[in-house]
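Just so it is clear: in the sequence shown, position 44 is 51 by the working numbering, and no numbers are missing.
For each residue, glycine too, the CB sits at the ideal point set by N, CA and C.
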Amino acid sequence: MITPPTGGGAGEVHGAALSAPDTGFTPDITHAECRKCGTRVAGLDGRYACGVCGWTNDWSEGHRPLPRAEDDPDYPGPGAPAANPLAH
C-alpha cells in the first residue's frame, strides 16, 4: 500500500510553503515548420532549432526582445571577471 507523505498541508511540501519563482516574463512555447527539412519544431518565443537537420532561425526573428544581461539575477555587473575558468 502506498501512503501519502506526512507533514505539510495543501500547497506545501514537508511543511514548507511552495512559492513561484519571481521572473520578469515567461516565454511562450511556439511551433513552426523547419525551413530546411520540414520537420515540426518547437521553440521559445519564435526562436527555433531543428534537431533533425540542425537548422536554426536567426535570433532576431523571435516574437519579443531577448532579455539583457542585466536582467539575469546572477549578472555580476559590468567589468566583472568571467565566471568561466575556461574563458581565460
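*Cα-Cα separation, residue 63 to residue 87*: Counting from one through the sequence shown, the residue named residue 63 turns up at place 56. Counting from one through the sequence shown, the residue named residue 87 turns up at place 80. About 31 Å.
*Report the rounded CA-to-CA distance for residue 34 versus residue 71, giving the unit in angstroms.*
Working through the sequence shown from its first residue, we reach residue 34 at position 27. Working through the sequence shown from its first residue, we reach residue 71 at position 64. Each residue's alpha carbon lies about 9 Å from the other.
_For residue 69, the nearest candidate out of 50, 43 and 45 (CA to CA)_ = By 1-based counting over the sequence shown, the position of residue 69 is 62. The shortest C-alpha separation from residue 69 is found at 50.
_Where the beta strand (DSSP E) through residue 39 begins and ends_ = Position 32 of the sequence shown, counted from the first residue, corresponds to residue 39. Counting along the chain, the beta strand (DSSP E) containing residue 39 begins and ends at 36-40.
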